[in-house]
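A.B. asks: The structure's right below; bear with me while I get my questions together.
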Amino acid sequence: MTCMQVAASRGPYDIVIERDLLGRCGPMIAAVNSGRRAVLVEDEAVSATHAEVVAAHLQSQGWTLSRHPLRAEEHLKQMAAVEGIWAAAAAAGVDRGDLIIAVGGGIVGDVAGFAAATWLRGIDVVQVPTTLLSMVDASIGGKTGVNVPLADVGQLGKNMAGAFWSPNLVLVDADALGTLPVREVRSGLAECAKHAVIGDRALESLLLSEAEALAAGRLDGVDPVIEQAIAVKRAVVQQDERESGARMLLNLGHTFGHAIEPIESLDLTHGEAVSIGMVAASACAAGLNLITREREASIRTLLASLGLPVCLQHTVPVDHLLAAMRHDKKAVAGQLRLVLPSGDGAVVRDDVPMERVASAWHAVQPDAV
C-alpha cells in the first residue's frame, strides 16, 4: 500500500493507492466520516461492477446508502446533474455529518464534489476514481464544477461554475482499470504526459519505455506511472491549493483543449483534447522561443507514442477557436492566460499576442501534419 497525504485548507487527506482496494474500503471511509449514511454517486458504466463492490461492502459494514447513477457524458455535466444529487441527498435525509461518495471518472467526481461543496453549505466527500484520468488528476486537489452554456459560441464553457472543495479521502485501485476501454486509458495517459512535461522527466522516460503496452491497454506496468503522476499533482496542489500561482501549470494544454472538447463533430475525450492542446501549446512556446523545435517535436512524439491524437481530425475555423478561448475561466480582463512548456517545465504567460495563438491553432489543423 502507498499512502500520500495532501495538505489542504479543510484539513489533510490521504490518497491511498493499492490493488484490490474497493472491496475493503469501509474502514478507511469510516476513519474520515462517522455518519454511516451516504449518497453513492456512481457512473452508470460501473454501477454493476465497481460501484456494486463498494456498495455491497459498505452495506455489510452497516452503512445506509442512497445510490445515485449518473450518465458520465460531457454535455450532461451541467447544473441539472448537481440538482439531481441534491434531490437524492434530501430524500435520504443526508445531514452535515454524512457524506457523498463518488465512484467513477472525472465527470462523476467533479459533479459529486460540487454537490458536496454546496449541500448544506458543504459536507464530506470521498473520491473513488475508476479511470486513469481521474486517478492521477481529477480526484486530487479539490477542483469541482460543471459546464455552462455559452450562447455566443453555441457550446459549453468547461467547468465555469464550481468550487474548491477538497476530498476527505481518495482511494486509488488500479484493478478498476481492467474494465476501462483502451481509448479511456489513453485519455488518462494524456494527463500523465502533462505531469511529466511540467515537472518530471523521469516520468516522461517511464512513459516512453512503457508506451507500446500502455497505448494497447496492457496495464501490468501502470502502477509506477500512477504513483509518479499523482506525486506531481500532489506537490503542485499542496504548494497552491486555489490556483493562484503554481497550480496554473497543471492547465498545460487545457486552455487550448477546452476550446475543442465541446465540438461534437470532433468527438474528443477530455484527454484527447488536452493532447491536441499540448501540441498547440508547444507550437506556441516554440514560436516564442520558450522551447526549441526539437523539444516541441519530442512532446508531440511522446503523445503520439501513447496513442493520442496530435492534430484535429477536420479543419475548424481558427476564429471560432479564438472566440471559444476568450471564455476560458482563467482569462483576465479579456486577455488569455496560457500555460506553455519551457526549458525547465512550464510557465504561465498572459502576454501572448493573439496572432501567435492563431499560429498555434494552425499547427494542429489536419493540413499542417
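With our numbering applied, the sequence shown corresponds to residues 21 to 389, in that order.
Heads up, the beta-carbon is just placed ideally off N, CA and C, and yes, glycines get one too.
Which complete alpha helix (DSSP H) runs does the stretch 185–234 hold, if anything under 4 residues is left out?
C.D. replies: Within the stretch 185–234, the complete alpha helix (DSSP H) runs of at least 4 residues are 202–219.
A.B. asks: In this structure, how does DSSP classify H88 when only helix, strand and coil are distinguished?
C.D. replies: Along the sequence shown, read from residue 1 onward, the residue named residue 88 stands at position 68. In the structure shown, H88 sits in a strand (DSSP, three-state: E or B).
A.B. asks: Ignore the nearest five residues each way along the sequence and tell me which others in E64's own chain have a CB closer than 6 Å to its CB.
C.D. replies: The sequence position of residue 64 within the sequence shown is 44, counting from 1. Hits under 6 Å: P89, R91.
A.B. asks: For D450, is the classification buried or exposed, using 16 other Cβ atoms within 10 angstroms of its Cβ as the cut-off for buried?
C.D. replies: Since the first and last residues shown for the chain are 21 and 389, residue 450 lies out of range.
A.B. asks: So for N53, helix, strand or coil by DSSP?
C.D. replies: The count along the sequence shown starts at 1 and reaches residue 53 at position 33. Correct three-state label for N53: coil.
A.B. asks: For E314, is the classification buried or exposed, using 16 other Cβ atoms within 10 angstroms of its Cβ as the cut-off for buried?
C.D. replies: Position 294 of the sequence shown, counting from 1, holds the residue named residue 314. The residue is exposed, with fewer than 16 neighbouring Cβ atoms inside 10 Å.
A.B. asks: Across which residues does DSSP place M424 in a beta bridge pair?
C.D. replies: Since the displayed the chain opens at 21 and closes at 389, residue 424 lies outside it and no answer follows.
A.B. asks: Per DSSP, what kind of secondary structure is R262 in: helix, strand or coil?
C.D. replies: Translated into the one-based positions of the sequence shown, residue 262 becomes position 242. R262 falls in the coil class under three-state DSSP.
A.B. asks: Where does I160 fall in DSSP's three states?
C.D. replies: In the sequence shown, the residue the question calls residue 160 occupies position 140. In this structure, I160 counts as coil in the three-state DSSP scheme.
A.B. asks: With distances taken between CB atoms, is the gap from I127 to K97 smaller than 7 Å?
C.D. replies: Residue mapping note: residue 127 aligns to position 107 of the sequence shown, counting from 1. Residue mapping note: residue 97 aligns to position 77 of the sequence shown, counting from 1. In contact: I127 and K97 (Cβ atoms closer than 7 Å).
A.B. asks: Using a Cβ-Cβ cut-off of 6 Å (strictly less than) and excluding sequence neighbours within five positions of L153, which residues of its own chain qualify?
C.D. replies: Looking up residue 153 in the sequence shown gives position 133. Taken in chain order, the residues that qualify are G126, S207, G208, E211, G291.
A.B. asks: I need the straight-line Cα distance from A317 to L308, nearest angstrom please.
C.D. replies: Residue numbering aside, residue 317 sits at position 297 when the sequence shown is read from its first letter. Residue numbering aside, residue 308 sits at position 288 when the sequence shown is read from its first letter. Looking at the two C-alpha atoms, the distance is approximately 15 Å.
A.B. asks: Nearest-angstrom Cα distance between A306 and M298?
C.D. replies: Start at 1 with the first residue of the sequence shown, and residue 306 comes out as number 286. Start at 1 with the first residue of the sequence shown, and residue 298 comes out as number 278. Rounded to the nearest angstrom, the two C-alpha atoms are 12 Å apart.
A.B. asks: Please classify D115: is it buried, with 16 or more other beta-carbons within 10 angstroms of its beta-carbon, or exposed?
C.D. replies: The count along the sequence shown starts at 1 and reaches residue 115 at position 95. With fewer than 16 other Cβ atoms within 10 Å, it is exposed.
A.B. asks: So what does DSSP say about N309, is it helix, strand or coil?
C.D. replies: Along the sequence shown, read from residue 1 onward, the residue named residue 309 stands at position 289. Here N309 sits in coil by DSSP.
A.B. asks: Are V123 and H70 close, meaning C-beta to C-beta below 7 Å?
C.D. replies: Against the sequence shown, residue 123 aligns to sequence position 103. Against the sequence shown, residue 70 aligns to sequence position 50. Yes; because the gap between Cβ atoms is below 7 Å, this pair is in contact.
A.B. asks: Could you work out which residue in A136, H77, A181, V59 is closest to G43 when comparing CA atoms only?
C.D. replies: In the sequence shown, residue 43 corresponds to position 23, counting from 1. If we check each option's Cα against that of G43, H77 comes out closest.
A.B. asks: Are V190 and G237 close, meaning C-beta to C-beta below 7 Å?
C.D. replies: Counted from its first residue, the sequence shown places residue 190 at position 170. Counted from its first residue, the sequence shown places residue 237 at position 217. No, they are not a contact pair.
A.B. asks: Given this structure, state the Cα-to-Cα distance separating T22 from H215, to the nearest angstrom.
C.D. replies: Indexing the sequence shown from 1 puts residue 22 at position 2. Indexing the sequence shown from 1 puts residue 215 at position 195. Distance between the alpha carbons of T22 and H215 is about 19 Å.
A.B. asks: Are A366 and I218 closer than 7 Å when you measure CB to CB?
C.D. replies: As a position in the sequence shown, residue 366 is number 346, starting the count at 1. As a position in the sequence shown, residue 218 is number 198, starting the count at 1. Going by C-beta atoms, A366 is nearer than 7 Å to I218.
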